[in-house]
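Residue numbers (this note's numbering): 1 to 267.
Quick reminder that beta carbons are idealized off the backbone N, C-alpha and C, glycines included.
In what follows, a structure is listed as structure tokens, so that the remarks can point back to it.
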């Protein structure tokens with residue numbers, strides 16, 4: 001039987017791994033969005049992750065992508081023998097759960113429920129929005145450091161890696177932006193431009209203001225959708241479930257334990 005401390009440590013490892021799984025529409029980690037409901041690690045190093053979405057009718061396509069993302073990240077942990085993912089309280093939950101736990105590729109599962117269609121274009125559409133949102137944050141951070149348009153658009157990947165930001169959002173988004181640059185092949189070498197468009201084209205200094213205005217529009221739309229999702233989830237799920245022995249470290253990380261001042265205000 002797993003020692004309690006070891007089990008908590010393994011659950012935290014899983015939790016941290018799930019930070020890499022995002023809501024495709026919002027580009028926000030499912031952990032930050034409160035979608036992860038429960039993580040369980042057994043003696044046999046088997047992991048079960050339960051998650052839920054803000055509404056019963058949230059897009060099944062996005063539910064599939066998040067479910068498969070969860071399984072992929074959990075299985076990447078070297079000590080995990082098997083991972084099971086369960087989507088709760090969703091109109092397509094049974095099909096999502098059967099698909100993600102079947103061992104098949106997610107494209108095969110999508111094709112089964114979408115008349116043979118693939119969702120590559122949908123995935124790319126939301127990756128492009130994620131790219132724009134991350135790029136805007138980094139560019140605005142550079143502006144805040146006093147860089148002019150020509151310095152920003154000509155900056156190389158190697159130079160960007162050397163920048164030291166102070167803002168919390170810049171610190172969060174810069175590595176995520178670089179990861180997406182590399183994953184999509186938009187920049188590879190330190191000498192490559194750090195700020196191409198999603199189509200791989202350079203940005204001219206005189207066009208930076210217009211480019212940032214477009215990125216701002218994308219961000220505002222995503223932030224609105226994110227606020228809506230959080231509001232719907234908060235309204236739908238009001239319960240706080242803590243185990244019989246009290247909250248664990250994982251409960252605090254998951255945000256299931258309200259702040260002390262909030263508890264005092266309720267009394």
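Residue j beta carbon less than 8 Å from that of residue i
i, j, result
"residue 212", "residue 196", "no"
"residue 134", "residue 159", "no"
"residue 92", "residue 54", "no"
"residue 218", "residue 169", "no"
"residue 38", "residue 50", "yes"
"residue 75", "residue 30", "no"
"residue 130", "residue 208", "no"
"residue 62", "residue 94", "no"
"residue 295", "residue 215", "Past the edges of the chain, shown from 1 to 267, lies residue 295, and the structure says nothing about it."
"residue 83", "residue 47", "yes"
"residue 25", "residue 126", "yes"
Contact belief for residue i with residue j at Cβ below 8 Å, rounded distance in angstroms
i, j, result
"residue 64", "residue 110", "6 Å"
Sequence-distant residues of its chain with Cβ nearer than 6 Å to residue i (five each side left out)
i, result
"residue 99", "109"
"residue 265", "Its pLDDT being 46, under 50, residue 265 is placed unreliably by the model, and the measurement read from it follows with that caveat. So no residue of the chain qualifies."
"residue 260", "Legend: pLDDT at residue 260 = 44, less than 50; position of this residue unreliable, value from coordinates given subsequently. So no residue of the chain qualifies."
Contacting residues, own chain, Cβ-Cβ under 8 Å from residue i (five flanking each side not counted)
i, result
"residue 193", "153, 154, 155, 156, 157, 187 and 202"
"residue 206", "149"
"residue 112", "99"
"residue 123", "24 and 65"
"residue 167", "141 and 144"
Residue span of the alpha helix (DSSP H) that contains residue i, given as start and end
i, result
"residue 221", "208 to 236"
"residue 174", "168 to 183"
"residue 111", "106 to 113"
"residue 187", "Per DSSP, residue 187 belongs to no alpha helix (DSSP H) and is neither H nor E."
"residue 139", "120 to 144"
"residue 93", "93 to 100"
"residue 162", "157 to 162"
"residue 153", "149 to 153"
Pairwise C-alpha distance: residue j and residue i
i, j, result
"residue 224", "residue 140", "20 Å"
"residue 121", "residue 5", "44 Å"
"residue 21", "residue 73", "8 Å"
"residue 235", "residue 89", "14 Å"
"residue 77", "residue 57", "31 Å"
"residue 97", "residue 70", "12 Å"
"residue 190", "residue 128", "22 Å"
"residue 105", "residue 145", "45 Å"
"residue 267", "residue 237", "Summary for residue 267: the model assigns pLDDT 41, below 50, so the residue's position carries little reliability; its value from the coordinates is reported in the next sentence. Cα to Cα, residue 267 sits roughly 21 Å from residue 237."
"residue 14", "residue 102", "21 Å"
"residue 182", "residue 200", "12 Å"
"residue 10", "residue 204", "48 Å"
"residue 12", "residue 210", "43 Å"
"residue 8", "residue 86", "20 Å"
"residue 171", "residue 107", "34 Å"
"residue 231", "residue 16", "24 Å"
"residue 142", "residue 198", "19 Å"
Cut-off 7 Å between Cβ atoms - residues of its own chain near residue i, not counting five sequence neighbours on either side
i, result
"residue 44", "81"
"residue 233", "34 and 54"
"residue 221", "none"
"residue 177", "134, 135 and 138"
"residue 229", "26, 33 and 54"
Enclosing beta strand (DSSP E) for residue i [first to last residue]
i, result
"residue 40", "36 to 41"
"residue 46", "46 to 52"
"residue 67", "First-last for residue 67: 60 to 75, but that is the alpha helix (DSSP H), not the beta strand (DSSP E)."
"residue 82", "82 to 88"
Near the ligand NAD: residue i beta-carbon under 7 Å from a heavy atom
i, result
"residue 28", "The ligand NAD is not part of this structure, which contains no ligands at all."
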